[in-house]
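So for the sequence shown, this note's numbering puts the first residue at 747; every next one is plus one.
Heads up: the structure comes next, in structure tokens.
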Amino acid sequence: QTPILRALASTDDLNLRKGKVEEAFERPFYELIVDGIHSHPNSVRLAYSSYPDGCILITDAMKILDPHLHDGVHEWRDGKRFVKEGDKLYLEGTDTLAGSVVTLDKCVRNFSRFTGCSLGEAIKCATFNPARCLGIENKKGTLRSGADADLVVLDRKGNVLSTWVKGKEVWTKN
747 QTPILRALAS TDDLNLRKGK VEEAFERPFY ELIVDGIHSH PNSVRLAYSS YPDGCILITD
807 AMKILDPHLH DGVHEWRDGK RFVKEGDKLY LEGTDTLAGS VVTLDKCVRN FSRFTGCSLG
867 EAIKCATFNP ARCLGIENKK GTLRSGADAD LVVLDRKGNV LSTWVKGKEV WTKN
């Protein structure tokens, strides 16, 4: 892991010359899980304000993520079990957080609320920025001629209405 903030004894450590400061710093991409569990709203706001174009929204990517999974004890992996309480998962018999089951659309809504950015700016962090990080922004994360027609249609509040893959609707909210 690379820390976002790095302490330096002085700028001489970077061998900077006047007018060359900007060239010495490569702007990194960074990922945020904005589920309201992994990161505090103030930390999210600070990270985003430092470099919005590098922000990538992700989920905890829990394999057992199922919006219909009820609260309670469930089988996991390696014979372990977890307890689901709302959006949180704990290892059974402990208070050890195992992760969250928050979906990306909820992370996008949380991000907009935590940072004060528009829903459009939050969506960019979940679509275009990740595609740009991977070097596939001409095909993914964009609405342009020649791009893949993989789309998620949201209402004005950021709730998913339908999902499209290669131009075909694969899911719709009744």
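The beta-carbon is built from N, C-alpha and C at its ideal position, and this holds for glycine as well.
Beta carbon proximity, residue i to chain B, threshold 8 angstroms
i: A893; result: The structure shown has no chain B; it contains just one protein chain.
In DSSP terms, what residue i is bridged to
i: C801; result: Y776
i: L900; result: V906
Distance between beta carbons of residue j and residue i, contact taken as under 8 angstroms
i: E772; j: I804; result: Actually they do not touch by this definition, with Cβ atoms about 21 angstroms apart.
i: E838; j: V847; result: Contact flag wrong, Cβ pair sits at about 16 angstroms.
i: T861; j: Y794; result: 5 angstroms
i: W910; j: D896; result: 7 angstroms
DSSP state of residue i mapped onto helix, strand, coil
i: G845; result: strand
i: Q747; result: Confidence in Q747 is poor, its pLDDT being 37 and thus under 50, which makes the residue's placement too unreliable to answer from.
i: R878; result: helix
i: E883; result: coil
i: V911; result: strand
i: G862; result: coil
i: K826; result: coil
Range of the contiguous beta strand (DSSP E) that encloses residue i
i: K834; result: 834-837
i: T873; result: It is not in any beta strand (DSSP E) - T873 carries neither H nor E in the DSSP assignment.
i: F918; result: It is Thr, not Phe, that sits at residue 918 in the sequence shown. Start and end: 914-918.
i: G818; result: 818-821
Option nearest residue i by Cα separation, candidates the options
i: A877; options: C863, G782, A893, S864; result: A893
i: L850; options: K919, G782, P774, F775; result: G782
i: C863; options: S789, P798, H786; result: P798
i: L880; options: E867, G800, K852; result: G800
i: N856; options: C871, G845, G825; result: C871
i: I810; options: P774, I802, R827; result: R827
First through last residue of the alpha helix (DSSP H) which encompasses residue i
i: R791; result: 787-796
Cβ-heavy atom distance, residue i to the ligand ATP, below 7 angstroms
i: I882; result: Among the components modelled here there is no ligand, and therefore nothing to report on the ligand ATP.
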